[in-house]
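Encoded as structure tokens, the structure appears first; notes follow it.
Numbering (my numbering), first residue to last: 9 to 218.
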């Protein structure tokens with residue numbers, strides 16, 4: 009199931025549920041995994057067993073930038089990782105993948121790589137989470153934040169959120185001309201969300217931006 013989300017002056021987001029079943033798969037539902045595609049970057053949340061089937065069916069591509077976030081270390085949320093990585097490697101992937109999750113995620117991946125003799129064509133950067141909340145990824149357009157979540161006694165579990173940074177809307181040049189505002193620094197100030205004084209009158213940024 010794919011849900012496109014498009015905003016003017018913002019990124020295009022596609023949310024695809026690779027699987028929504030819990031504990032065990034059903035005839036028409038795979039185990040938990042969700043992909044958010046944002047301007048060529050894939051954010052994958054959990055990797056239940058068999059998630060790679062719907063990933064392939066979704067035609068996401070094998071060599072895009074990928075960040076993978078694991079909520080907790082239950083088998084229905086992580087057993088798809090190894091097969092997924094091997095498939096990407098067989099397809100010649102060379103871009104690294106960043107994986108975020110609980111402390112045990114590191115041991116799970118490293119030990120299974122050793123036991124199964126998995127040699128990948130790309131690097132897997134494993135980032136384990138120690139804090140209760142914070143920011144994992146940030147850039148000029150978005151950030152990924154996390155916090156502890158309640159998933160039962162003695163279960164280390166996290167919730168994640170992709171947050172778009174605020175961006176100015178489209179600058180209405182015709183409206184600015186109607187107000188008599190000259191091109192130059194005043195335009196830039198309004199585009200950056202600042203209100204200005206012009207001809208002894210306060211002009212709000214959202215009058216010409218939005």
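Every residue gets a Cβ at the ideal spot worked out from N, C-alpha and C, and that includes glycine.
- By the Cβ test, the region 91-102 is in contact with the region 127-146, since at least three Cβ pairs between them sit closer than 8 Å.
- Around the beta-carbon of residue 40, 16 or more other beta-carbon atoms lie within 10 Å, marking it buried.
- The beta strand (DSSP E) runs of length 3 or more contained entirely in the region 102-160 are, from start to end of the chain, 105-109, 132-136, 141-146, 150-156.
- Rounded to whole angstroms, residue 175 and residue 196 show a C-alpha spacing of 14 Å.
- If you draw a straight line from the Cα of residue 199 to the Cα of residue 84, it is about 47 Å long.
- Checking the DSSP bridge columns, you'll see residue 167 partnered with 155.
- For residue 217, DSSP records a beta bridge to 179.
- The region 26-69 contains, as complete alpha helix (DSSP H) runs of 4+ residues, the segments 59-65 (chain order).
- Residue 134 is positioned such that its CB atom lies no closer than 8 Å to that of residue 163.
- Our two residues, residue 138 and residue 111, have alpha carbons roughly 7 Å apart in a direct line.
- Here the alpha carbon of residue 212 sits roughly 50 Å from the alpha carbon of residue 30.
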